[in-house]
Structure formats: C-alpha cells, structure tokens
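Novice: Just so you know, the sequences run in chain order A and B. Start counting the first sequence at 1; every next residue gets the next number (this note's numbering). Start counting the second sequence at 1; every next residue gets the next number (this note's numbering). C-beta: ideal position from N, C-alpha, C; glycine also. Computed from a predicted model, the values in this text were never measured in an experiment. Quick one: the structure is below, questions incoming.
Number of protein chains: 2
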Amino acid sequence: MEKSPEPFSTRVRRGALLERNCPSREVLKHISSQWGVLILIVLEGGTHRFSELRRKVDGVSERMLAQTLQWLEGDGLVERIAYPVVPPHVEYSLTPIGREAAGHIRALADWIEVRLPDICDAQAARAAAE
Amino acid sequence: MEKSPEPFSTRVRRGALLERNCPSREVLKHISSQWGVLILIVLEGGTHRFSELRRKVDGVSERMLAQTLQWLEGDGLVERIAYPVVPPHVEYSLTPIGREAAGHIRALADWIEVRLPDICDAQAARAAAE
DNA sequence: GTATGTACTTACGAATAGTAAGCAAGGCCA
DNA sequence: TGGCCTTGCTTACTATTCGTAAGTACATAC
C-alpha cells in the first residue's frame, strides 16, 4: 500500500469528510450550521416566504437568514423563487436533495428533543459532582 | 390566544427546538458544531486519546478540540478518563447516549459524502448560470 | 403624507474561532 | 546535573464570524 496514488479529484469525489480540504466540509458546515438546521426543518414543512421563516425560526436575524438561505441555495438544497412584484414576494422550498438532507437533520432534531431530559440530567449530575 | 400560559419548565421539557431559549438549542449547537460532528464520527470508531483525535480530525486546533470535548462531556455524550501518569494519558469514548447521537450524525455525514457529486454539480450549474 | 410591509444589504460592535506559545512533571541521555 | 522530550491541556493575541440596528425601494392603507 503506497500513499494515495489517486488524483485529487478522486479523493474529493469520494468525499473524505475527515480531510482538511474536502469540499464536503463546507457543505456540512452549511447544513449543520446553527440556522441551517432550523431552516431545513421548517422548510420540510412546506414552502415558506422569507418573513415566514424569520418568524418561525425564533431568534434568527435577517442577516443570517439571508446568508444561510444563500448557502443552501448554492448547494442546491433550497430553491428560491422571486416574483417581480412590490412589495417583494419570494418563496423558498426544498429541492429533492434538500428534502433528503432535511430528513436526516430532522431525525437528529427529534432525537435531541426526546433525549433532552436525559441530557439535562447528565448536565445536572455533572454540576452536582463538582 | 394569549401569550403562552404554560410554565417555562413545560416549554423546556417538550424541547421546542424552534424556540429561542430552548436548551435543546445549546445541545444541538454542540453536536452539530463544525468539530463536534467530526469528533463524534471518529469516536464512534472507538476510544481515542486526545492526540489521536487531533491527528484524525484533520485541521482541528488543540484549543477547539479541548473545548468541544468539554461541551460533549458536559452533555453526557462523551466520557473522559484520565490516568494520573506523566506524561498525561487521557482517553475519550462515547457514552450510550453519545453513541445514539453519533449514529444520526454519521448517517448525515454518509449521505453528504454520497451526494457530494450532485451537490458539486448543482454548485457548478449555478456558477455557470451567472 | 405618514405609516406599514417585504426582502434584502450594509456598517459596526460583540462574540467566537484560529494561532502560537506556555506549563507541569517525570523519564531519557550525556 | 542539566537539558530536552512527552502529553494534555490553558492562555494571550489576532482574525473571522455573528448579531444589532439602520437603510433601501416601492406600493398600499390610513
């Protein structure tokens, strides 16, 4: 076994998430980002306008909502449709790939909500032990 | 409908991830953080020492590795065992809850690696369209 | 004609992450 | 006896990212 004779493009295509410069790192960063997760979860429930997302994703700023949507759109997970009217009307929805991603994210989110009591107990126990 | 008549503790226990002050937000932040994801994936492969993690999780700094491990330990996902020897010897492993979390994370990571070509294509198509 | 709503963008201060150096304490080599 | 090596952190400083607040364009409502 020699050290990787395979070209960069192959390594990249395989998607070695643990490697520093793998592009999958970027995609993961977008999907698993604080707001990316919540946006995907909300969009799994159907198409939403910008301001609807802003209201549902409690605490997100317009700045980060816009930026995160642009990331996800750039990765092909979210589709943006803008109607040329005034005031502006823009609709965001998941692409088929986005729906797959959202499914995984929601599974994790559901698990966290179910396990939250256990996790809080662990935190409390740790705090008490000190 | 008035503003939430239910007590804070109820809201909290239900684990409403979309709500601003839900503690599940913090847990999600730890698990889905840039390095949290990768650490969980590596630890799913078995117990590791600090320096082993540092080598496998390409690009992580000692600072962030230590901090993320402390988060995950605080949430009860990671167990830390320190042997009182010199030079120090510390082993990190997943707790049962941590193994559940890691399973979800790895499912997402595997999906990303499989779908990466599609995502790259989407990015390229978008770039070409401009 | 003032206020409101939409979907952003921009400027700026605050929080967070990355870089690099330091530290403890025992073993090894000379 | 004195350096230097090791590991698992912590600390100081810097760079990057993020949140807050304000601005924009135009139409409709009051």
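Considering Cα atoms alone, identify which of A:Ala125, A:Arg115, A:Ala128 is closest to B:Val27.
Specialist: Per the Cα distances, A:Arg115.
Novice: Which stretch, first to last residue, makes up the beta strand (DSSP E) that contains B:Leu94?
Specialist: Element bounds for B:Leu94: 89-94.
Novice: According to DSSP, what are the bridge partners of B:His48?
Specialist: Answer by DSSP bridge pairing, in chain order: B:Tyr92.
Novice: Output the distance between the C-alpha atoms of A:Val60 and A:Leu18, rounded to the nearest integer angstrom.
Specialist: Distance between the alpha carbons of A:Val60 and A:Leu18 is about 29 Å.
Novice: Can a CB atom of chain B be found closer than 9 Å to the CB of A:Gly59?
Specialist: Yes, its Cβ sits closer than 9 Å to a Cβ of chain B.
Novice: Along the chain, where does the beta strand (DSSP E) that runs through B:Ala82 open and close?
Specialist: Here the beta strand (DSSP E) through B:Ala82 covers 78-83.
Novice: Run through chain B and tell me which residues come within less than 9 Å of A:Glu100, C-beta to C-beta.
Specialist: Here the neighbours are Trp111, Arg115.
Novice: Just by C-beta distance, which residues in the segment 69-94 of chain A are closer than 7 Å to chain B?
Specialist: Result list: Gly74, Asp75, Gly76.
Novice: May I have the straight-line CA-CA distance separating B:Ser93 from B:Ile39, to the nearest angstrom?
Specialist: Approximately 10 Å, taken between the alpha carbons.
Novice: Suppose you measure from the CA of B:Glu62 to the CA of B:Leu69; what does that come to, to the nearest Å?
Specialist: So the two alpha carbons sit approximately 10 Å from each other.
Novice: For A:Glu2, count neighbouring C-beta atoms within 10 Å of its own C-beta (all shown protein chains included) and say buried if the count is 16 or more, exposed if not.
Specialist: With a pLDDT of only 36 at A:Glu2, under the threshold of 50, the placement of this residue in the model should not be trusted, and no figure is reported.
Novice: With distance defined between alpha-carbon atoms, name the residue in A:Leu77, A:Ile31, A:Trp71 nearest to A:Thr47.
Specialist: Of the candidates A:Leu77, A:Ile31, A:Trp71, the one whose C-alpha sits nearest the C-alpha of A:Thr47 is A:Leu77.
Novice: From B:Ala16 to A:Pro117, what does the alpha carbon distance come to, in whole angstroms?
Specialist: Their backbone Cα atoms lie some 13 Å apart in a straight line.
Novice: So which residues on chain B does A:Leu40 lean against when the C-beta distance must stay under 7 Å?
Specialist: Correct list: empty, because the minimum Cβ distance to chain B is about 11 Å.
Novice: Excluding the five sequence neighbours on either side, which residues of its own chain have a C-beta within less than 7 Å of the C-beta of A:Val42, listed in chain order?
Specialist: So the list reads His48, Leu53, Lys56, Val57, once near-sequence residues are dropped.
Novice: With 16 other CB atoms within 10 Å as the buried threshold, where does A:Pro5 fall?
Specialist: Residue placement at A:Pro5 is flagged as unreliable, the pLDDT there being 42, under the threshold of 50; the coordinate-derived value follows with that caveat. So A:Pro5 counts as exposed.
Novice: Need the endpoints of the alpha helix (DSSP H) that B:Leu17 sits in, please.
Specialist: B:Leu17 -> no alpha helix (DSSP H), and no H or E assigned at all.
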